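Numbering (the working numbering), first residue to last: 3 to 511. I have placed the structure first, in the form of structure tokens, so that the comments after it can refer back to it.
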Amino acid sequence: MEITTNPPPKPSSFALVVVSLCKNTDPKQPGFFVKPSPKNPNYKSPIDRNPIAEEPEISVSLKRGFLKERVEPENDEDGENLNPNLPEKPVVCARCHSLRHYGKVKDPTVENLLPDFDFDHTVGRKLNSVTGARTVVLMVVDAADFDGSFPRKVAKLVSSTIDENYTVWKEGKSGNVPRVVLVVTKIDLLPSSVSPTRFEHWVRTRAREGGANKITSVHLVSAVRDWGLKNLFDDVVGLAGQRGNVWAIGAQNAGKSTLINSIGKHGGGKITHLTEAPVPGTTLGIVRVEGVLPGQVKLFDTPGLLHPHQISTRLTREEHRLVQISKELKPRTYRIKTGHSVHIGGLMRLDIEESSADSVYITVWASPYLPLHMGKTENVDNMLEDHFGRQLQPPIGEKRFNELGQWVRQEFCVCGNSWDSSSVDIAAAGLGWFAVGLKGEALLGVWTYDGVDVILRNSLIPHRAHNFEVAGFTVSKIVSKADQASNKQQRQSGKKQKQSELKAEASAA
Ligand SMILES: Nc1nc2c(ncn2[C@@H]2O[C@H](COP(=O)(O)OP(=O)(O)OP(=O)(O)O)[C@@H](O)[C@H]2O)c(=O)[nH]1
Ligand SMILES: [Mg+2]
3 MEITTNPPPK PSSFALVVVS LCKNTDPKQP GFFVKPSPKN PNYKSPIDRN
53 PIAEEPEISV SLKRGFLKER VEPENDEDGE NLNPNLPEKP VVCARCHSLR
103 HYGKVKDPTV ENLLPDFDFD HTVGRKLNSV TGARTVVLMV VDAADFDGSF
153 PRKVAKLVSS TIDENYTVWK EGKSGNVPRV VLVVTKIDLL PSSVSPTRFE
203 HWVRTRAREG GANKITSVHL VSAVRDWGLK NLFDDVVGLA GQRGNVWAIG
253 AQNAGKSTLI NSIGKHGGGK ITHLTEAPVP GTTLGIVRVE GVLPGQVKLF
303 DTPGLLHPHQ ISTRLTREEH RLVQISKELK PRTYRIKTGH SVHIGGLMRL
353 DIEESSADSV YITVWASPYL PLHMGKTENV DNMLEDHFGR QLQPPIGEKR
403 FNELGQWVRQ EFCVCGNSWD SSSVDIAAAG LGWFAVGLKG EALLGVWTYD
453 GVDVILRNSL IPHRAHNFEV AGFTVSKIVS KADQASNKQQ RQSGKKQKQS
503 ELKAEASAA
């Protein structure tokens, strides 16, 4: 897919752009939309379902989530936008409408009709370019899945471009040396006790180890809470100059579109409404956004990079919902001895195989919707046969275990000097992590599906829970919510029965 260089549709042109995918006006196709009829207070006119233009490729507006950039009244008699102070509602296709309002694509079975996005061919070439406007790369990383969502390939590509273009520039030729701004977003998902100074140091170290050794600045932000966005905005404006190109790049679901929408609120310029949703693969192609940053600076939203090493990419939508972290993380800690294991759903397991310490403190940092289990390692085969796909979800359903891949073991030697705080994390991409606290050394066996990245790193959140979890299954938030609901129902039906018994007694008397 080529970068769309067409100018965005002029607001007054009423330009509805339609992709070839919806040319047959089949409501089942991705990109289908209904042409909005002018809103006359007395309207009763039938809806016109005919597309008014066709494009050979996915249009810039569809990628942006809009079919109509901004609707301005053609004339006041239309009855449309009678109050010019009211913000216009963007007109979106059925796919984006469903993503925006229901958090899911309208029809997953037709998603494969959408063309694949070739990052290297499109964005990669632009970032590599030695000439042209100044390039600023916003490398967007999810704080709750730092290593899984870190775009290592892009980090390496940009770092080597910086080296090459800097050499050219030193020779006196025109050399576009990209600036890299590392944006760690969703920090509202980390516990508020995390020290920003310590976290920034941790982020810089992890980023360097991930191949980003030429970072211009680091920003820790929350796009939904508006934390750190003003500073980010000012920094990007300074780096981009009058006519730079700013690229938001990162893994699927990292938070790029939400970030751009939030940045837009700080400039006093145009406000964007890019489609954002808790579903990987929301943005389909490069979206050029102008007017958000001052001057002639262009901001580009890009489709998320597919990271097959994130376990989330193998999950069904239902399973993904259990894994997705959407609220501030809370620790769940076990105090265990050698010969014991902790499961996170049916997705990851940690065994204490050997330890010089009497007790090892294992804290699970993952979605509260994931059930946990702690028990003796000698019983793990039964766990797999009897509970994977049932009490230990995801996978949801027994046959999904085999579909997720081969269950494999990796070995980690860890050491620490405190029981009170975790020294290291063992993190699985797209899932969460075990934080390990101990005074001594331990040999850990860690199990997950083949191809899922499991890494050992310095602890991100050293503290642990005050109370320890007990052996057996923990009740996941989903189950406890369902229990609460059914208990309430039982109480209510009990009350009703009592009332009707009393009534019957009263009428008999
Ligand atoms: N808690 C929290 N959630 C966020 C934040 N930013 C984004 N999200 C959520 O993360 C999910 C993904 O956000 P998007 O902006 O669609 O992510 P994206 O990187 O554009 O995703 P793709 O288009 O699939 O590549 C949505 O559910 C957002 O609401 C944030 O700062 N905090
Ligand atoms: Mg997006």
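All residues carry an ideal CB built from backbone N, CA and C; glycine is no exception. These figures come from a predicted structure and were not determined experimentally.
Buried or exposed (CB count within 10 angstroms, at least 16 for buried), residue i
i, result
"residue 259", "buried"
"residue 494", "exposed"
"residue 496", "exposed"
"residue 180", "buried"
"residue 125", "buried"
"residue 381", "exposed"
"residue 250", "buried"
"residue 123", "exposed"
"residue 195", "exposed"
"residue 242", "buried"
"residue 357", "buried"
"residue 476", "buried"
"residue 183", "buried"
"residue 330", "exposed"
"residue 461", "buried"
"residue 227", "exposed"
"residue 353", "buried"
"residue 405", "exposed"
"residue 133", "exposed"
"residue 65", "Only weak support is given to the placement of residue 65: the predicted model assigns it a pLDDT of 38, under 50, and the question is left unresolved by the model."
"residue 309", "buried"
"residue 306", "buried"
For residue j and residue i, the rounded distance between their alpha carbons
i, j, result
"residue 215", "residue 206", "9 angstroms"
"residue 202", "residue 188", "14 angstroms"
"residue 457", "residue 341", "22 angstroms"
"residue 222", "residue 197", "12 angstroms"
"residue 294", "residue 314", "32 angstroms"
"residue 168", "residue 234", "25 angstroms"
"residue 432", "residue 499", "48 angstroms"
"residue 442", "residue 359", "5 angstroms"
"residue 291", "residue 192", "30 angstroms"
"residue 137", "residue 185", "16 angstroms"
"residue 510", "residue 503", "10 angstroms"
"residue 238", "residue 121", "23 angstroms"
"residue 152", "residue 142", "8 angstroms"
"residue 218", "residue 268", "21 angstroms"
"residue 422", "residue 463", "12 angstroms"
"residue 19", "residue 288", "A caution first: residue 19 carries a pLDDT of 28, below 50, which makes its placement in the model unreliable, though a value can still be read off. Whole-angstrom Cα-Cα distance: 16 angstroms."
"residue 426", "residue 211", "16 angstroms"
"residue 225", "residue 506", "59 angstroms"
"residue 1", "residue 375", "The chain is shown from 3 up to 511; residue 1 falls before or after that span and cannot be answered."
"residue 416", "residue 300", "47 angstroms"
"residue 371", "residue 246", "43 angstroms"
"residue 129", "residue 163", "8 angstroms"
"residue 412", "residue 135", "46 angstroms"
"residue 472", "residue 297", "59 angstroms"
"residue 266", "residue 275", "9 angstroms"
Boundaries (first-last residue) of the alpha helix (DSSP H) holding residue i
i, result
"residue 156", "154-172"
"residue 261", "258-266"
"residue 151", "148-151"
"residue 382", "382-389"
"residue 529", "It is not possible to answer for residue 529, since the shown part of the chain is limited to 3 through 511."
"residue 235", "231-242"
"residue 322", "319-325"
"residue 207", "198-211"
Limits of the beta strand (DSSP E) - the one that residue i falls within
i, result
"residue 353", "350-357"
"residue 375", "374-378"
"residue 411", "409-419"
"residue 335", "334-338"
"residue 363", "362-368"
"residue 300", "300-303"
"residue 455", "Taken as a continuous stretch (DSSP letters only), residue 455 belongs to no beta strand (DSSP E), as it is neither H nor E."
"residue 436", "434-439"
"residue 222", "219-222"
"residue 124", "It is not in any beta strand (DSSP E) - residue 124 carries neither H nor E in the DSSP assignment."
- [ ] Flag this pair as touching only if the segment 136-147 and the segment 248-256 have three or more C-beta atom pairs under 8 angstroms; answer yes or no.
- [x] yes
- [ ] Pair every Cβ in the segment 389-398 with every Cβ in the segment 320-331, then say whether three or more of these pairs are closer than 8 angstroms.
- [x] Per the Cβ contact rule, the segment 389-398 is in contact with the segment 320-331 (3 or more Cβ pairs under 8 angstroms).
Task: Cβ contact (3+ pairs, closer than 8 angstroms) linking the segment 361-375 and the segment 400-412 - done: No, they do not touch.
Open item on the list: Does the segment 343-350 come into contact with the segment 155-174, if we say contact requires no fewer than three beta-carbon pairs (one atom in each stretch) closer than 8 angstroms?
Closed with: no
Open item on the list: Below 8 angstroms, how does it come out for the segment 330-340 and the segment 366-375: are there three or more Cβ pairs, yes or no?
Closed with: Judged by Cβ distances under 8 angstroms, the segment 330-340 makes contact with the segment 366-375, as three or more pairs qualify.
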